[in-house]
Amino acid sequence: MAKQKTLYICQNCGAQHLKWQGKCSSCNEWNSLVEELVDARIKSSGPAISIGIGNVPQPIHEIESASERRLATPDGEINRVLGGGIVDGSVSLLGGEPGIGKSTLLLQLALQLHPAKILYVSGEESAHQIKMRAQRIPFTNDNLFVVSETRLERIVEFNKTMEPDVIVIDSIQTVHTDALESAPGSVSQVRETAAKLIRLAKEQNVPIFLVGHITKEGSLAGPKVLEHMVDTVLTFEGDRHNNYRVVRTNKNRFGSTMEIGIYEMLADGLREVSNPSEIFLSESDEHFSGVAIAATMEGNRPLLVETQALVTPQAYGTPQRSATGFDLRRLSMLLAVLEKRCGFKMGVKDVFINMAGGLRVEDPAVDLSLICAVISSLHDLPIPPLTVFAAEVGLSGEIRAVNRIENRIAEAEKLGFTTIYVASGQAQSLSKKYTNIRVVGAGKLEEVFRTVFGAG
Ligand code: TYD
Ligand code: MG
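Here the numbering used here is used: the first residue of the sequence shown is 835, the next is one more, and so on.
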């Protein structure tokens, strides 16, 4: 019998090492090497896509332009994150924590795609379990074929006999090929099976959705190379204690990566949320201190988000800072600006920040709103009702311009807000006069505090 060879493979970058070592010398990740069996006779299946072997270089103007064919789905949010529908022969990876709703999303999509023929392969659930799930979702597709299978060779066979329009693989970590002896979910298996599936997608022009698991550190399990290999990387996120779910595009060869799709998880599947601003604002009419509304942009969509702050006297030796849905380092930076530039004693306060609705916000335009929420909580002074903020705050306490300000103002106006604070330069250069909303320009934080709270 041939001697079995083992290699140590980095679970982070996929690099192969002959000996175990604490740190991968390729990507510098600690403790990421795992021993895997490698059958020496089997060579990797080579490049995933053969896009014309034997071609010669051509002048670009002589190359025929072909626009990709897209299958527009009935799900507006999926269309949005994919850049306008499912591109023929494209491979999309959907990552997310366990239980967040990845299987539900793809099953619901498969049902909605009626009459397209779908092959839904699950390595995690039996056909009965999938049927039970499908019964909760109010769509039907007689052309949806479900199979519980983990062998890649069988999946390829099913594709040949069935010729589906779309394939869903739930999940790539459960699929394994006989060509390798390592366990399903190991880096070499994931890489090899994904490469074969991608080749199948390109050769047969059939779009494939792969579900990917997330490690406890929050990255897609399996080598980083997986993200490089596929055309589109989507992540499904949300708070488990909250029904809202967000699909984010992290990579898209066929569209923008700034888009998000928003859903609400109900007892009968996921519902598209077409007016997101309403859900991220709380419904109460009372005006509490520590609450401010920010006009943010998520992709091309303006989104009004409620920023909440709680400032209390420091309870322990070191001040506590906690942020949900917001970058903690950016919060520390904003608090340092308040301390140094505006003279507030933040060093003796505990500060807690929350973005309502469980949304994670990265748009710097929330800075001003967040700072106003902090000051509002600090002095227990509510912010006047129907006020919105849209500006970044710089290190010297200056109010900075943000992109697409007119979209933000228009959204705030549409939702009935009457005042919006923006950077002074931007207030002057607006191309349009707003009649229902007052646009207030400010250059420094003090100016905002003076008008919002009446005193500095
Ligand atoms: P699931 O799609 O199994 O998550 P993943 O594939 O990402 O692990 O989602 C499971 C959760 O969704 C589960 O806790 C039950 C809930 N759910 C609903 O609330 N409504 C539904 O209609 C369905 C099918 C699931
Ligand atoms: Mg699942």
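Yeah, the Cβ is synthetic: ideal placement off N, Cα and C, and Gly gets one too.
task = With a threshold of 7 Å, establish whether the CB of glycine 935 neighbours any heavy atom of the ligand TYD.
result = yes
ask   = What are the start and end residues of the alpha helix (DSSP H) that includes valine 1208?
value = 1201-1212
ask   = Expressed to the nearest angstrom, what Euclidean distance is found between the alpha-carbon atoms of leucine 940 and serine 956?
value = 11 Å
task = State the Cα-Cα distance for the pair methionine 1167 and arginine 1175, rounded to the nearest angstrom.
result = 12 Å
key: Among Ile964, Glu959, Gly923 and Asn913, nearest to leucine 947 - alpha-carbon criterion   = Asn913
query = Do isoleucine 1187 and glutamate 1132 have their C-beta atoms within less than 8 Å of each other?
reply = no
Touch test, the region 1252-1260 against the region 1149-1156, Cβ-Cβ under 8 Å, three pairs minimum = no
ask   = Taking the alpha helix (DSSP H) that threonine 1285 falls in, what are its first and last residues?
value = 1279-1287
query = Since valine 1064 and glutamate 1071 are thought to touch, with beta carbons under 8 Å apart, how far apart are those beta carbons, to the nearest angstrom?
reply = Wrong, their Cβ atoms sit about 18 Å apart, outside the cutoff.
request  = Give the secondary structure of glutamate 958 by DSSP, where H, G and I count as helix, E and B as strand, and everything else as coil.
outcome  = coil
ask   = Exposed or buried, which one is alanine 1028 when buried takes at least 16 other CB atoms within 10 Å?
value = buried
message = Whole angstroms are fine: how far does the CA of valine 1139 sit from the CA of glycine 1275?
response = 20 Å
inquiry  = If the criterion is Cβ atoms closer than 8 Å, does the pair methionine 966 and phenylalanine 979 meet it?
reply    = no
ask   = Helix, strand or coil: which one does DSSP assign to valine 890?
value = coil
ask   = Taking Cβ to Cβ, would you say threonine 907 is nearer than 8 Å to glycine 917?
value = no
task = Within the region 929-1009, note down every full alpha helix (DSSP H) run reaching 4 residues or more, in order along the chain.
result = 936-946, 961-970 and 986-996
request  = Taking 8 Å as the cut-off, decide whether the C-beta atoms of glutamine 942 and leucine 1104 are in contact.
outcome  = yes
Supposed contact pair glutamate 987 and threonine 1011 - C-beta distance, whole angstroms, cut 8 Å = 7 Å
request  = State the beta-bridge partners of glutamate 1140 as determined by DSSP.
outcome  = Ile1127
Cutoff 6 Å; reference valine 1067; Cβ partners in own chain excluding five residues on either side = Leu927, Glu1061, Asn1084 and Lys1085
ask   = Would lysine 1267 be called buried (16 or more neighbouring beta carbons within 10 Å of its own) or exposed?
value = exposed
key: Cβ-based neighbour list, alanine 1244, same chain, cut-off 8 Å, excluding 5 preceding and 5 following   = Pro1136
task = Starting from phenylalanine 1223, follow its DSSP beta bridges and name the residues at the other end.
result = Ala1128 and Tyr1255
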